[in-house]
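Visitor: Taken in order, these protein sequences are the chains called A and B. With the working numbering, letter number 112 in the first sequence gets 112, and the count goes up by one each step, no holes. With the working numbering, letter number 109 in the second sequence gets 109, and the count goes up by one each step, no holes. Positions of the beta carbon are idealized from the N, C-alpha and C atoms, including for glycine. Please read through the structure below; I'll follow up with questions.
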Amino acid sequence: QKEVEQNSGPLSVPEGAIASLNCTYSDRGSQSFFWYRQYSGKSPELIMSIYSNGDKEDGRFTAQLNKASQYVSLLIRDSQPSDSATYLCAVSQRGGGADGLTFGKGTHLIIQP
Amino acid sequence: EADIYQTPRYLVIGTGKKITLECSQTMGHDKMYWYQQDPGMELHLIHYSYGVNSTEKGDLSSESTVSRIRTEHFPLTLESARPSHTSQYLCASSDGTSNQPQHFGDGTRLSIL
Chain A
1 QKEVEQNSGP
11 LSVPEGAIAS
21 LNCTYSDRGS
31 QSFFWYRQYS
41 GKSPELIMSI
51 YSNGDKEDGR
61 FTAQLNKASQ
71 YVSLLIRDSQ
81 PSDSATYLCA
91 VSQRGGGADG
101 LTFGKGTHLI
111 IQP
Chain B
1 EADIYQTPRY
11 LVIGTGKKIT
21 LECSQTMGHD
31 KMYWYQQDPG
41 MELHLIHYSY
51 GVNSTEKGDL
61 SSESTVSRIR
71 TEHFPLTLES
81 ARPSHTSQYL
91 CASSDGTSNQ
101 PQHFGDGTRL
111 SIL
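Following this line, the structure appears as structure tokens:
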């Protein structure tokens with residue numbers, strides 16, 4: 001069974017620090033990786049996509065992918081209280097398809113002022 | 001920016017009623033999805049569609065049904081609502097090519113009395 005694992009948290013980080021969120025996946029053939037942010041009571045919002053090994057930066061967000069270790073992470077620099085949310089890791093499996101995106105259970109991030 | 005719309009946003013209704021949750025997208029996406037999510041819990045895929053006249057059941061068994069008569073429209077129906085159907089229902093869509101992210105609507109919060 002294809003699995004995406006995340007630490008559920010809560011992960012508490014002081015304002016201004018770097019928040020590091022981690023995700024591992026089981027299917028070595030996975031091809032695309034996404035991070036979603038979900039505020040309480042709201043729908044998930046896509047914040048990062050990464051498709052190849054290495055780092056991808058977008059503003060305060062950096063996604064890191066290591067396919068050999070089956071590991072993807074999200075770094076949030078200069079964390080703000082508005083970053084407090086649940087972060088979902090999603091992995092697109094080999095071959096894609098309508099059911100090809102598997103979501104982790106999410107990590108609850110709390111930024112402490 | 002994703003243009004996917006769900007109505008109603010909130011619905012409180014009595015047991016035994018027939019309910020249809022609407023989902024429409026203006027991006028011409030072939031793939032559409034319905035998820036069920038309880039507060040603080042993970043996303044569960046309940047239905048998806050590859051395109052017009054295609055519907056498939058997801059990972060979580062659901063008493064709801066879906067239809068896909070037009071590309072842009074993917075309604076979900078509950079023939080006889082029960083309190084156990086109380087949840088948030090999220091609609092999403094993605095481009096027909098492989099390994100693309102899903103974009104979510106704002107969701108419908110359903111309460112069955």
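Using the beta-carbon count (16 or more within 10 Å), is Tyr144 (chain B) buried or exposed?
Guide: Any property of residue 144 (chain B) remains undetermined from this structure, which presents chain B solely from 1 to 113.
Visitor: Which runs of the beta strand (DSSP E) fall wholly inside the segment 52–89 of chain A and span at least 3 residues, in chain order?
Guide: 54–58, 61–66, 71–76
Visitor: By DSSP, does Pro83 (chain B) sit in helix, in strand, or in coil?
Guide: helix
Visitor: Taking the alpha carbon of Pro83 (chain B) as the reference point, which residue from B:His103, B:Asn99, B:Leu113, B:Thr71 has its own alpha carbon closest?
Guide: B:Leu113
Visitor: Please classify Gln6 (chain A) as buried or exposed, where buried requires at least 16 neighbouring CB atoms within 10 angstroms.
Guide: With at least 16 other beta carbons inside 10 angstroms of its own, Gln6 (chain A) counts as buried.
Visitor: Determine the contact status of Leu21 (chain B) and Tyr33 (chain B), defining contact as a CB-CB distance below 8 Å.
Guide: no
Visitor: Please list the terminal residues of the continuous beta strand (DSSP E) segment that includes His47 (chain B).
Guide: 44–49
Visitor: Taking just the CA atoms, how far does Ile76 (chain A) sit from Gln36 (chain B)?
Guide: 28 Å
Visitor: Where does Leu101 (chain A) land, buried or exposed, given buried means 16+ other C-beta within 10 angstroms?
Guide: buried
Visitor: Can you tell which of B:Lys18, B:Thr71, B:Gly16, B:Val12 has the C-alpha that lies nearest to the C-alpha of Ser24 (chain B)?
Guide: B:Thr71
Visitor: Quick check on the burial criterion: 16 or more other C-beta atoms within 10 angstroms. Buried or exposed for Leu65 (chain A)?
Guide: Classification of Leu65 (chain A): buried, given that the 10 Å Cβ count is 16 or more.
Visitor: Note down, in chain order, each residue of its chain lying with its Cβ closer than 6 Å to the Cβ of Ser92 (chain A), except the 5 sequence neighbours on either side.
Guide: Gln31, Ser32, Gly100, Leu101.
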